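Chains Z and B, in that order, are what the protein sequence lines are.
Note that numbering that gives the first Met the number 0 gives residue 214 to position 215 of the first sequence, counting from 1, and the numbers run on in steps of one.
Note that numbering that gives the first Met the number 0 gives residue 113 to position 114 of the second sequence, counting from 1, and the numbers run on in steps of one.
Backbone N, C-alpha and C define an ideal beta-carbon position, used for all residues, glycine too.
On a predicted model such as this, the values are computed, not experimentally measured, just so you know.
Accompanying notes for the structure given below.
There are 2 protein chains.
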Amino acid sequence: MPWAIKVTRVSKATREKIIKAASRAFARDGYDGASIRTIVAEADVNQAAINYHFGSKEGLYRAVLQTALRALMSDDDAPQSGKLSREAALRRFVRRQLRPMTARDELSDYVRIFNWETLKPSLVFRKFMAREAAPFFAAITELVRRFLPDNATDKQAVVGALWLFGQCSIFVRNAEQLAGPPFRLELDERFVDRLADTIAGWAVDGLCQPPSKARLGGLAALAK
Amino acid sequence: MPWAIKVTRVSKATREKIIKAASRAFARDGYDGASIRTIVAEADVNQAAINYHFGSKEGLYRAVLQTALRALMSDDDAPQSGKLSREAALRRFVRRQLRPMTARDELSDYVRIFNWETLKPSLVFRKFMAREAAPFFAAITELVRRFLPDNATDKQAVVGALWLFGQCSIFVRNAEQLAGPPFRLELDERFVDRLADTIAGWAVDGLCQPPSKARLGGLAALAK
DNA sequence: GATATGTTCAAACGATCGTTTGAATTTGGA
DNA sequence: TCCAAATTCAAACGATCGTTTGAACATATC
Numbered sequence: 000m001p002w003a004i005k006v007t008r009v010s011k012a013t014r015e016k017i018i019k020a021a022s023r024a025f026a027r028d029g030y031d032g033a034s035i036r037t038i039v040a041e042a043d044v045n046q047a048a049i050n051y052h053f054g055s056k057e058g059l060y061r062a063v064l065q066t067a068l069r070a071l072m073s074d075d076d077a078p079q080s081g082k083l084s085r086e087a088a089l090r091r092f093v094r095r096q097l098r099p100m101t102a103r104d105e106l107s108d109y110v111r112i113f114n115w116e117t118l119k120p121s122l123v124f125r126k127f128m129a130r131e132a133a134p135f136f137a138a139i140t141e142l143v144r145r146f147l148p149d150n151a152t153d154k155q156a157v158v159g160a161l162w163l164f165g166q167c168s169i170f171v172r173n174a175e176q177l178a179g180p181p182f183r184l185e186l187d188e189r190f191v192d193r194l195a196d197t198i199a200g201w202a203v204d205g206l207c208q209p210p211s212k213a214r215l216g217g218l219a220a221l222a223k
Numbered sequence: 000m001p002w003a004i005k006v007t008r009v010s011k012a013t014r015e016k017i018i019k020a021a022s023r024a025f026a027r028d029g030y031d032g033a034s035i036r037t038i039v040a041e042a043d044v045n046q047a048a049i050n051y052h053f054g055s056k057e058g059l060y061r062a063v064l065q066t067a068l069r070a071l072m073s074d075d076d077a078p079q080s081g082k083l084s085r086e087a088a089l090r091r092f093v094r095r096q097l098r099p100m101t102a103r104d105e106l107s108d109y110v111r112i113f114n115w116e117t118l119k120p121s122l123v124f125r126k127f128m129a130r131e132a133a134p135f136f137a138a139i140t141e142l143v144r145r146f147l148p149d150n151a152t153d154k155q156a157v158v159g160a161l162w163l164f165g166q167c168s169i170f171v172r173n174a175e176q177l178a179g180p181p182f183r184l185e186l187d188e189r190f191v192d193r194l195a196d197t198i199a200g201w202a203v204d205g206l207c208q209p210p211s212k213a214r215l216g217g218l219a220a221l222a223k
């Protein structure tokens, strides 16, 4: 492992430049679509630097995923989230998921990288998630569970969490096309705020509804 | 245009073999990820056949998209769909969207190809959709509109249609992972039927709800 | 059966990919 | 200040990509 190197001042700066450029590239083009040469060009470092500092393209991707997961799990902007009502917590989660629609920061890159992986999970990603992402997904599942009956199964909570993810990610993934013709939606902060309200409201309604044959069935129908 | 060739008996068979193999490959790996060499290997034809029959990889992709759109728009299995209630029509749409979760046929490939394109639309795809897909999307939007108030704007209907797409595609995209650990869901026809009931029910609830501040707002909040 | 046209085939081309190499340069501690 | 280690750099390697080529083969028309 020649790339498990000592972290010095100068190498740390290079590593950070590379990770930032790589996050953008992976978010824009996916893991396979992003090339070493475009990453080093945007980071303004030599091509061999990636193999020197991260061992391989896969190693760089692992480092990006670690940075991404750390950022996505941090609640630094609202440390009181544990005391929120379930509705407010859900609204906060949805708004956070929708953030890439307007913001062009690292967090939006991270969300997009995860969206790529939901379409065709790479081997790197699957190993990484199995090892480090359990608490992240558990948090969302627990949030969903607060809306379900006490006797809800794990399966129901997982499906509910995925359902919630899907409602958000479709807008994030299609943001560019929503802004263009023929839709021409004005994707400013106000719009996304209202969209978050809408999605959260629909989700609360859906999750809270007791199952009913007349309504085509509910989540309870998924119990074995 | 040397590839606008006369359609003979033998060339038609080759074209169909290529399109079928290409659909699988594009669905599995995306446009960039699928290689000519794997496609011709699965189709059991010569490598140069693709450029001969379709001009280029892009030309082949266009042909696949045409086949896909034609299949996705056909209502051959239920010609009475025009007479369905809005709830039944919505349930039918959702069930059709979820079909790739169990079925391993061409239709599931087509849905997956479109899912790839929502993540990073290729130039080929954008041109193609702008030219040929308007009626397809209009049909979904009209279905959503049947649940909205009469004075609903186009913008509201479009957002509602996208919202519906997102709820379905998240399960389709993650079907493989749902089947494996730690979820271990048994994705048989019964499960998908119930899932379609659940999603359709939630969607009906969400779309029908009148806007209400107490419920964090509804679709009407998106009107300008 | 001869001929022209449509189709298949193996081989190669140029470009881009991730990675490796070895020397040049910079850095940090004695 | 000096030397060993850390880091950067330009160049090349082998592999894979989409595409082209020109000959070989199959098919249809007379």
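Chain-order list of residues whose beta-carbon lies under 7 Å from that of residue i (same chain, five-residue window excluded)
i: leucine 97 of chain Z; result: Cys167, Phe170, Val171, Val191, Leu194, Ala195
i: serine 107 of chain Z; result: Arg98, Pro99
i: aspartate 75 of chain Z; result: Reliability fails at aspartate 75 of chain Z, whose pLDDT of 49 lies under 50, so the model's placement of it is uncertain and no value is given.
i: threonine 101 of chain Z; result: Leu186, Asp187, Glu188, Val191
i: alanine 48 of chain B; result: Thr13, Ile17, Val39
i: glutamate 131 of chain B; result: Leu68
i: glutamate 57 of chain B; result: Val123
i: asparagine 150 of chain B; result: none
i: alanine 20 of chain B; result: Ile38, Glu41, Ala42
Residue i in three-state terms, based on DSSP
i: phenylalanine 136 of chain Z; result: helix
i: phenylalanine 146 of chain B; result: coil
i: glutamate 188 of chain Z; result: helix
i: proline 99 of chain B; result: helix
i: serine 34 of chain B; result: coil
i: leucine 68 of chain B; result: helix
i: valine 44 of chain Z; result: coil
i: aspartate 104 of chain Z; result: coil
i: isoleucine 117 of chain Z; result: Strictly speaking, residue 117 of chain Z in this sequence is threonine, with isoleucine absent from that position. Three-state DSSP puts threonine 117 of chain Z in a helix.
i: threonine 152 of chain B; result: coil
i: glycine 58 of chain Z; result: helix
i: serine 84 of chain B; result: coil
i: isoleucine 18 of chain B; result: helix
i: asparagine 173 of chain Z; result: coil
Test item: CB-CB of residue i and residue j under 8 Å
i: threonine 236 of chain Z; j: asparagine 173 of chain B; result: This structure cannot speak to residue 236 of chain Z, because chain Z is shown only from 0 to 223.
i: alanine 70 of chain Z; j: tyrosine 109 of chain Z; result: yes
i: tyrosine 30 of chain B; j: serine 121 of chain B; result: yes
i: arginine 111 of chain Z; j: alanine 26 of chain Z; result: yes
i: alanine 199 of chain Z; j: leucine 186 of chain Z; result: no
i: serine 35 of chain B; j: threonine 66 of chain B; result: Per the sequence shown, the amino acid found at residue 35 of chain B is isoleucine instead of serine. Not in contact: isoleucine 35 of chain B and threonine 66 of chain B (Cβ atoms no closer than 8 Å).
i: threonine 13 of chain Z; j: alanine 24 of chain Z; result: no
i: leucine 163 of chain B; j: alanine 202 of chain B; result: yes
i: leucine 83 of chain B; j: arginine 94 of chain B; result: no
i: methionine 72 of chain Z; j: phenylalanine 135 of chain Z; result: yes
Beta-carbon contacts of residue i that lie in its chain and below 8 Å, excluding the five residues immediately before and after
i: valine 157 of chain Z; result: Thr140
i: lysine 16 of chain Z; result: Ala42, Asp43, Val44
i: serine 22 of chain Z; result: Val63, Thr66, Ala67, Glu105, Asp108, Tyr109, Ile112
i: arginine 85 of chain Z; result: Leu142, Arg145, Phe146
i: lysine 11 of chain Z; result: none
i: asparagine 114 of chain B; result: Ser168, Val171, Arg172
Beta-carbon proximity list for residue i, same chain, < 6 Å, skipping 5 on both sides
i: alanine 160 of chain Z; result: Ile139, Thr140, Val143
i: lysine 154 of chain Z; result: none
Heavy atom of the ligand SAM within 7 Å of residue i beta-carbon
i: arginine 130 of chain Z; result: As for the ligand SAM, it is missing from this structure, which has no ligand bound.
Please identify, using Cβ separations under 7 Å, the residues of the region 122 to 153 of chain Z that lie next to chain B, in order along the chain.
none
Taking contact to mean at least 3 C-beta pairs separated by less than 8 Å, is the region 126 to 143 of chain B in contact with the region 36 to 56 of chain B?
no
Short of 8 Å Cβ to Cβ, which residues in the region 157 to 174 of chain Z face chain B?
Val157, Val158, Leu161, Trp162, Phe164, Gly165, Gln166, Cys167, Ser168, Ile169, Phe170, Arg172, Asn173
For the region 93 to 117 of chain B, enumerate the residues whose C-beta is nearer than 9 Å to any C-beta of chain Z, in chain order.
Arg111, Asn114, Trp115, Thr117
In chain order, what residues of the region 24 to 43 of chain B put their CB closer than 9 Å to some CB of chain Z?
Arg27, Asp28, Gly29, Asp31, Gly32
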